[in-house]
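Residues 141 to 990 in my numbering are what the sequence shown spells out, letter by letter.
Beta carbons are placed, not taken as given, at the ideal position from N, Cα and C, and that holds for glycine.
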Amino acid sequence: MNISIAIDGPASSGKSSIAKCIADRFNFKCINTGLLYRLATYISIDENIDFVLEESRLIDKLKNAKIDIHSDYLIYNGLILCNQLRTQDIDSKVSLLSTRPAVRRLINEILRYFKSESGIVMDGRDIGTEVLKDASLKFFIVADPEIRARRRYDQLIKIGIDTEYKKILNEIEKRDNIDYNKEEGPLKKANDAKVIDTSNLNFQESVDEVSRVIVEYMVPKMKFKKVRVAENNGFCHGVLRAVNELDKVVKSENKKNISTLGEIIHNKQVINHFSRQNVNIVKKEDLDTLKDSEDILIVRAHGIPRDVEDVLISNSIEYIDATCGRVKVIHKKVRDYYEKGYDIVIVGNKNHPEIIGANSYCDYKAKFFFEDKLDGEISSDKVCVLSQTTEKYENFENAIKLVSEKCEDVVSLNTICDATYLRQRDAAQLAKDVDCMIIVGDKLSSNSNKLYEVSKKYCENSIIIERASDLKSDILKDIITNCCKVGITSGASTPDWIMKEVILMIENRTENNIKIGKLLRGKIEFIDEKNVILSVDDNLEAVLPITEISSDEKNNFSEIFKVGEYIDGKIISLSNSDGRIVLSRLEIFREKSLEILKNKFNNNERISVVVKEDVKGGVIVEFNSIKLFVPASHLDFVHIENLNEFVGRELEVKVIEMKEEKNQFKIIGSRRAVLEEEKKIREDEIWKSLVLGDVVECEVRRINTFGAFVDVKGIDGLLHISEISWGRIDKVSDVLNIGDKIKVKIIDLDIENRKLSLSMKVLQNDPWSNVDEKYPVGAVVLGKVVRFAEFGAFVELEPSIDGLVHISQISHKRVNDIADFLQIGQEVKAKIVEINKENKRIELSIKVIE
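Below is the structure:
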């Protein structure tokens with residue numbers, strides 16, 4: 141079915157996200173028109189074009205550009221733009237640019253090119269009032285500025301853009317003022333547009349509001365090709381009455397707080413709908429908090445226990461009884477037969493609210509038949525058997541059979557709702573005749589689960605879902621591809637529009653079998669200089685332009701393309717000027733190339749690319765017609781001043797980022813990753829060549845306080861300050877300079893952690909090795925004072941050997957300040973008192989030779 145949907149609204153109202161979700165759900169093509177204005181703003185910033193003074197230059201850029209627009213990204217001259225179009229800089233300027241009449245006219249002209257396509261959703265400015273004036277459905281999405289600012293803030297933070305909420309709010313208010321008040325093309329609602337205020341809705345609820353209108357419009361007009369719908373389905377009389385009673389109170393002028401005792405029905409969408417209208421759900425224990433003057437309570441379709449109703453009455457709480465009439469009959473029958481002395485057996489789940497209520501009418505003494513088992517002992521010969529209204533008739537019969545074997549006086553009261561019986565009967569009949577059976581209903585709903593059980597018995601491929609969105613892509617693809625006939629029914633608590641969503645989701649994919657992006661196989665009928673003409677299924681003709689085949693195919697054209705042969709192509713246009721479908725082989729080639737890229741990315745393998753152009757922040761490279769972006773920082777280890785020097789070069793790169801989510805994808809390559817890999821390979825070889833204890837030549841690269849880093853065959857090694865000399869060194873730079881060539885010995889080698897420790901001093905003679913021979917105890921030695929400490933003075937006897945003159949050994953006089961008796965650089969004679977060769981200590985005394 142051909143349909144066009146226009147979605148307008150102010151900035152950040154969620155229109156683009158809603159449009160994309162609707163398109164994905166119902167297989168429409170989504171065209172985010174706002175991206176064109178953002179593209180124009182992006183070009184003006186990137187090309188440094190003043191769109192006021194140089195408007196004609198900007199328009200020329202747009203006219204000559206190759207633009208492919210999608211839901212959340214577009215391709216501009218081969219460059220994929222997504223987050224680049226959503227910066228705060230663009231946010232602050234796009235609204236001003238959109239006031240330019242010539243720009244608006246050009247963009248609307250570009251958009252009208254897409255409007256002839258079947259099944260489209262367009263969102264943006266002027267869509268309902270200018271571009272799609274005759275749209276099938278029009279929506280105007282609004283929300284409070286504060287809400288829109290918060291959503292925009294969260295969106296930017298999520299993609300890693302640092303920003304401030306107040307700044308975004310100011311920009312949105314400023315844009316609203318401009319958009320609503322500009323002279324040409326002000327933002328306004330089309331007269332026939334439906335307003336959706338999303339201020340108090342989450343995203344899913346906002347989409348549901350739009351979806352509901354679409355399915356109510358489309359489904360009644362459709363002729364189903366794949367789907368068969370059970371005759372009896374959806375809301376039963378009791379559920380419908382309960383929902384209507386609550387809705388009546390909500391829409392009335394009643395000022396009281398509205399509550400339901402438990403969920404009004406078992407359906408999340410209905411519960412959420414009333415929750416947004418401030419309807420509360422209370423429990424039995426909350427009843428004492430309700431006041432007659434302030435509260436009104438709605439009793440749900442399942443009914444309530446008798447003792448709970450007594451509380452309502454005794455507390456004078458105003459309530460509306462929306463109990464299903466069938467349930468009330470059960471209450472009466474249970475009470476009557478219990479008072480006659482009958483044991484009560486109820487077929488169903490004893491924890492279901494309907495059963496709990498019925499059980500109260502026999503003082504909670506009922507027995508239960510559930511899952512072919514009797515819960516509780518029958519103590520009387522007289523038994524009354526009743527059933528939950530949504531139970532399967534088969535289970536009720538089994539219960540009668542079991543009880544009849546135990547008792548003589550058995551009264552069987554079939555209290556299964558007629559609507560339940562008819563739904564189960566129709567579901568069973570339909571399940572026998574379809575390839576797949578879908579039950580739409582809340583998974584907590586008893587009647588929905590019973591429908592699933594009935595269907596599963598006759599159709600193994602049966603599933604139960606709550607929403608159309610539960611049909612995940614793999615399940616949906618399987619249904620569309622492998623199931624000729626699909627049966628659909630819905631539980632008694634399922635609103636009609638939710639089932640219609642499922643119908644539309646499936647039917648629209650079946651109806652739109654010939655669609656953009658679909659792979660078609662055709663027989664070659666004719667070949668000319670520009671086109672290959674093919675015949676495909678359904679007596680359709682297609683054309684494959686020569687420009688849409690790959691270079692390799694062009695080089696081997698006569699071998700590949702022959703009249704009578706079959707070839708595949710992807711649909712890129714539903715109709716050209718001759719009314720033929722237009723196919724492309726390039727898009728198939730592109731998909732295969734993307735698959736190769738995915739494998740290379742997943743396996744961390746290299747690819748060969750050609751640099752096509754330098755752009756801001758990096759270069760664009762190409763791999764089999766797929767464009768990748770290589771940031772400047774990933775071209776080399778060092779900063780590249782002139783990126784243009786890479787244009788035309790063939791490079792090896794690795795794909796370091798590849799995101800492909802629906803229609804959005806981004807591919808980032810890195811040459812630096814290849815260089816790092818090669819460097820690591822070289823370093824691994826060097827590490828393997830190093831041997832503990834080897835003496836190697838190296839060059840000093842860096843100096844710091846704790847030592848020097850030296851280059852050993854291309855890798856860094858540490859020469860610690862303590863390993864430079866046997867003597868004391870205050871600063872490394874006193875001994876070594878950057879660029880010095882030195883010999884060192886490998887004293888520690890940790891290949892796993894890439895640590896290399898080196899020593900210079902071990903290549904020198906250790907002056908302490910024969911210190912006791914050179915400096916015998918008792919000898920008098922001449923030395924030079926080199927430094928003071930609080931406890932004494934150090935005297936150098938030779939380079940690398942110092943002796944300590946303790947402060948008590950300097951003079952016979954009292955020494956308060958060593959400097960009063962000795963000076964740095966002074967030569968003194970001292971007697972060797974003690975030598976500790978192991979700890980490299982020599983004790984001296986001056987005073988003993990005074």
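Under the 8 Å Cβ criterion, the stretch 782-799 counts as touching the stretch 728-747, having at least three qualifying pairs. A straight-line Cα-Cα distance of about 8 Å links Ala146 and Phe280. Here Ser196 is exposed. Its C-beta has fewer than 16 other C-beta atoms within 10 Å. Counting the other CB atoms within 10 Å of its CB gives Arg226 a total of 16 or more, which places it among the buried residues. Distance from Ile711 to Lys670 at the Cβ level is roughly 19 Å; contact not present, criterion being Cβ atoms closer than 8 Å.
The alpha-carbon separation between Gly809 and Ile766 amounts to approximately 12 Å.
Per DSSP, reduced to three states, the secondary structure at Phe191 is coil, with no helix or strand assignment. Taking Gly943 as the centre and dropping the five residues before and after it, the same chain places the C-beta of Val935, Leu937, Ile982, Leu984 closer than 6 Å to its C-beta, in chain order.
Annotation: the continuous beta strand (DSSP E) that includes Thr629 extends over 626-630. Annotated three-state conformation of Gly268 is helix, per DSSP. The alpha-carbon of Glu606 is positioned some 16 Å away from that of Ser595.
For the stretch 798-883, the full-length alpha helix (DSSP H) segments reaching 4 residues or more read 811-829 along the chain. For Pro493, the enclosing alpha helix (DSSP H) covers residues 493-499. For the set Glu974, Asn976, Ile989, Glu978, the Cα lying nearest the Cα of Val968 is the one of Ile989. Taking all protein chains shown into account, Thr429 has fewer than 16 neighbouring C-beta atoms within 10 Å of its C-beta and is therefore exposed. Take the alpha-carbon of Phe666 and the one of Ser690: they are about 19 Å apart.
In this chain, the beta strand (DSSP E) harbouring Gly923 covers 920-929. Rounded to whole angstroms, the separation of the alpha carbons of Glu688 and Ile736 is 20 Å. If you look at Arg954, you'll find it isn't in any alpha helix (DSSP H); DSSP assigns it neither H nor E. Excluding its 5 nearest sequence neighbours in each direction, Val836 has C-beta neighbours in its own chain below 6 Å: Val852, listed in chain order. The residues Arg661, Gly662, Ile664, Val672, Leu674, Leu684, Ile700, Phe701, Arg725, in chain order, have a CB closer than 8 Å to that of Ile707 in the same chain once the five nearest residues on each side in sequence are set aside. Per DSSP, Tyr216 is not a residue of any alpha helix (DSSP H); the beta strand (DSSP E) it occupies stretches across 214-216.
Excluding the 5 residues flanking it on each side, Arg446 has same chain C-beta neighbours closer than 7 Å at Ser500, Tyr501, in chain order.
Ranked by how close their Cα comes to the Cα of Asn782, the residues Leu296, Leu193, Val759, Val543 have Val759 in first place. Looking at the DSSP output, Ser897 sits in a beta bridge with Leu858, Asp888.
Within the same chain, Ile147, Ile281, Ser346, Val347, Val350 come within 7 Å of Ile158 by CB-CB distance, once the 5 residues on both sides are set aside. Pairing Val234 with Asn248 gives a Cβ-Cβ distance that is not under 7 Å.
Annotation: the continuous beta strand (DSSP E) that includes Pro771 extends over 766-771.
The closest CA to that of Lys612, considering only Val642, Tyr533, Arg720, Val474, is found on Val642. Comparing alpha carbon positions, the residue from Lys590, Ile496, Leu246 closest to Ile470 is Ile496. Taking a C-beta distance under 7 Å as the contact criterion, Ala289 and Ile318 do not qualify as a contact pair.
Counting along the chain, Asn489 sits inside no beta strand (DSSP E), nor does DSSP assign it H or E at all.
Straight across, the Cα-Cα distance linking Lys314 with Asp302 is about 21 Å.
For the pair of segments examined, the stretch 375-384 was found to touch the stretch 625-642: the number of CB pairs separated by less than 8 Å reaches three. Setting aside the 5 residues that flank it on each side, Gly932 is surrounded in the same chain by Leu944, Val945, His946, Ile947, each with a C-beta closer than 6 Å to its C-beta; the list follows chain order.
C-alpha of Leu296 to C-alpha of Arg812: approximately 29 Å in a straight line.
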